[in-house]
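Novice: This structure is in structure tokens; I'll ask about it shortly.
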């Protein structure tokens, strides 16, 4: 993945250099600066929202294939194959199973090709025979699953836009390209599956592979006397059984009392030819034929209308692949060209969405709004809202008056992103008073962009409504607000709205602020519900919040500028507040805690600043060790999972990545 990022960065730097040559210093300095800023901003967004990958090896397809890894049979011998990991079970299961089927088919093809080459050259074919044995067992079942995988792939391909939202939007290009490549591979392999299975069966059933070593022995026995025929009869019958495929010796052969002469080498050759002829007559439908609805076959007699539908579907597929590739390669000019010129509206809309995710093409999106039809116009409005440029304010104001609910909703969200005072007034006056739920939801997200402390209470009211869409929008709005007040409101909502516990935790987990990490560490200590603790552990692991933290165990304490109870206080902290541990003193001190004199060291911790009006959101200071509980979150090492441990109480929790089942309505115990 790191090498891929380096390659992308080199391409972007080359593009910046090209821009410098394209514009003169006197005329287009501002344009050059804007383009460079946009490119570098995209690099940051790209590095922060890329999907992770996982290396695929033969042994993951079938443990029996482990012996072929790194050999000539291995399709991955000279190249590594990495598959996308989205942390969404529906997508990961489809991608994993599909790549296993494709890798099995590639192994079968290489086995057939290398077998034919070695057989013709008279080389050893034992490895190919072994591979054919395992493939003969597993391949038919895998081939029979292709039809269902194609259907599943087409369904999830249509739902990518809905399933990946928020910070996950950056994964859409790579996931879309992965699914498109899988469907293309299935389209290529579907017509060939029957012949591949037939060839594998032929390798296993070819009698010459077994009897070749016995031919010389049979020929040398032609001159032996009839007295040896009784003792050699069993050997002859075994040879004939291997050549003809019989499982048992017939009663007629065992009961005969007359000695039989061994067959000559010519007779053996004729027997082999006869066996091969029988094998050639095996039906080619031993494996299941998979009919791909997107790939026309020669046998089908299609009407003119059906041909047009088939051609249209093919254009849609090729167009979507082009959009995904252009987005993953960071080619906004290609996307703009597709948005302007492609004949199919769905593809033009897809390219408009891609430009919005890339935060590029504002001017062309505005032109598309002025000239294109309903579907593409809606997509362009949503992409303008994603960009949120203040220069698009007039389009958002006009869109807020639209009769189309999606355009209207996107416009109110875009007004918030501009952070213009006019937009705030429109959101409060029109957006939140609308009768449409989708408009109110997007207005909440837009209002949160202004980060006004007074808006937190207004947004918080929508957590109490009955509409789940508005509740979710309110949670997301508080995360977008991203202020101490909004995060505090989310924490308090965990007790007020227990049915939304998991949604609120997930929303807090999406925040990139240190305050969110500190809250999750605190939640791991104060909640007793196992499902809540498991979800918190997953979120901490996803954030890679490894390190040491400290939780305050006394009320009304002050962080001080130096490790001394008489030094200047910096800020105050209360019981259960959590800070990140920076360092500790080597000297020990005796301090009065309550009515006792206790000995310990001082710890320097970084906490959220609670001084009203302070410009610094986080401050660090010293606090006596007996007033704290230390919490360690350790990285996974080898087979040992990551874990969270309270050093004072000994509370230990392993942190795992698997997804949790659907949230229950059980009230967490605090």
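Residue numbers (our numbering): 183 to 852. C-beta atoms are modelled at their ideal positions from N, C-alpha and C, and glycine is treated no differently.
Please name the residue in 510, 596 and 572 whose C-alpha comes closest to that of residue 562.
Specialist: Closest by alpha carbon: 596.
Novice: Quick one: using the 10 Å Cβ neighbour count with 16 as the cut-off for buried, is residue 626 buried or exposed?
Specialist: It is buried - the Cβ of residue 626 has at least 16 other Cβ atoms within 10 Å.
Novice: For residue 518 and residue 501, which I take to be in contact (beta-carbon distance under 8 Å), what is that distance rounded to the nearest angstrom?
Specialist: Incorrect: roughly 15 Å between the Cβ atoms, too far for contact.
Novice: Tell me residue 819's beta-bridge partners as DSSP assigns them.
Specialist: DSSP lists 822 as partners of residue 819.
Novice: Using a 10 Å radius around the Cβ and a threshold of 16 neighbouring Cβ atoms, would you call residue 820 buried or exposed?
Specialist: The residue is exposed, with fewer than 16 neighbouring Cβ atoms inside 10 Å.
Novice: Determine, using beta-carbon pairs with one atom in the region 231-246 and one in the region 274-289, whether at least three such pairs fall under 8 Å.
Specialist: A contact exists between the region 231-246 and the region 274-289.
Novice: Could you pull the start and end residues of the beta strand (DSSP E) that residue 753 belongs to?
Specialist: Residues 751-755.
Novice: Within 10 Å of its beta-carbon, does residue 183 have 16 or more other beta-carbons around it, so buried, or fewer, so exposed?
Specialist: With a pLDDT of 44 at residue 183, under the threshold of 50, the modelled position of this residue cannot be trusted; read the value that follows with caution. Label assigned to residue 183: exposed.
Novice: List the DSSP bridge partners of residue 267.
Specialist: According to DSSP, residue 267 bridges with 234.
Novice: Taking only three categories from DSSP, how would you classify residue 500?
Specialist: Three-state DSSP puts residue 500 in a helix.
Novice: Measuring alpha carbon to alpha carbon, tell me which residue in 669, 272, 816 and 624 is nearest residue 639.
Specialist: Residue 639 has its Cα closest to that of 669, out of 669, 272, 816 and 624.
Novice: By the 10 Å Cβ neighbour count, where 16 or more other Cβ atoms means buried, how is residue 701 classified, buried or exposed?
Specialist: Buried, because 16 or more other Cβ atoms sit within 10 Å of the Cβ of residue 701.
Novice: Taking the beta carbon of residue 383 as the centre, do at least 16 other beta carbons fall within 10 Å, making it buried, or is it exposed?
Specialist: When all chains shown are included, residue 383 counts as buried.
Novice: Alpha carbon to alpha carbon, how far is residue 370 from residue 588? Give it in angstroms, no decimals.
Specialist: Rounded to whole angstroms, residue 588 to residue 370 spans 39 Å at the Cα level.
Novice: Taking residue 604 as the reference, which of 618, 629 and 357 has the closest Cα?
Specialist: Minimum Cα distance to residue 604 is reached at 629.
Novice: By the three-class DSSP mapping on this structure, what secondary structure does residue 742 have?
Specialist: Three-state DSSP puts residue 742 in a strand.
Novice: Rank 631, 318, 267 and 255 by C-alpha distance to the C-alpha of residue 288 and give the top, closest one.
Specialist: The candidate whose alpha carbon is nearest that of residue 288 is 255.
Novice: State whether the region 261-278 contacts the region 350-361, with contact taken as three or more CB pairs (one from each stretch) at a distance under 8 Å.
Specialist: Counting Cβ pairs under 8 Å, three or more are found: they touch.
Novice: Residue 763 lies in the beta strand (DSSP E); which residues open and close that run?
Specialist: Start and end: 760-766.
Novice: Find the nearest neighbour of residue 331 within the set 782, 342, 367 and 313, judged by alpha-carbon distance.
Specialist: It is 367.
Novice: Do residue 498 and residue 531 have their beta-carbon atoms positioned less than 8 Å apart in this structure?
Specialist: No; because the gap between Cβ atoms is not below 8 Å, this pair is not in contact.
Novice: Just list the alpha helix (DSSP H) runs in the region 657-723, keeping only unbroken ones of 4 residues or longer that don't cross its boundaries, in chain order.
Specialist: 666-678, 683-692 and 696-708, all fully within the region 657-723.
Novice: On a CA-only basis, which of 376, 688 and 665 is nearest residue 676? Give me that one, please.
Specialist: Measuring from the Cα of residue 676, the nearest candidate turns out to be 688.
Novice: CB residue 598 to CB residue 577, shorter than 8 Å?
Specialist: No, these two residues do not count as a Cβ contact at 8 Å.
Novice: Whose C-beta lies closer than 6 Å to the C-beta of residue 207 among residues of the same chain, with five residues either side of it excluded?
Specialist: In this prediction, residue 207 has a pLDDT of 49, which is less than 50 and means its spatial position is unreliable; nothing more can be read from the coordinates.
Novice: Could you check where the beta strand (DSSP E) with residue 789 kicks off and where it finishes?
Specialist: Residue 789 -> beta strand (DSSP E) spans 784-790.
Novice: Given a cut-off of 8 Å, decide if residue 757 and residue 737 are closer than it, judged by their beta-carbon atoms.
Specialist: Yes.
Novice: Applying the criterion that 16 or more other CB atoms from any shown protein chain within 10 Å of the CB defines a buried residue, is residue 494 buried or exposed?
Specialist: Result: exposed.
Novice: Have a look at 694, 824, 769 and 385 and flag the residue whose alpha-carbon is nearest the alpha-carbon of residue 300.
Specialist: Closest option to residue 300, Cα to Cα, is 385.
Novice: Can the beta-carbon of residue 719 be found less than 8 Å from the beta-carbon of residue 837?
Specialist: Contact flag set, yes.
Novice: Taking DSSP as the reference, what is the three-state secondary structure of residue 806?
Specialist: DSSP places residue 806 in strand when its eight states are reduced to three.
Novice: Residue 647: buried (16+ other C-beta within 10 angstroms of its C-beta) or exposed?
Specialist: Per the 10 Å Cβ criterion, exposed.
Novice: Where do the ends of the beta strand (DSSP E) carrying residue 774 lie?
Specialist: 771-775 is the extent of the beta strand (DSSP E) around residue 774.
Novice: So, do the region 486-493 and the region 341-357 have three or more beta carbon pairs nearer to each other than 8 Å?
Specialist: Taking 8 Å as the limit for Cβ pairs, the verdict is that the region 341-357 does not touch the region 486-493.
Novice: Looking at C-beta atoms only, is the number of pairs between the region 253-272 and the region 323-330 that lie closer than 8 Å three or more?
Specialist: No, the region 253-272 is not in contact with the region 323-330.
Novice: Whose C-beta lies closer than 8 Å to the C-beta of residue 623 among residues of the same chain, with five residues either side of it excluded?
Specialist: Hits under 8 Å: 591, 651, 652, 654 and 655.
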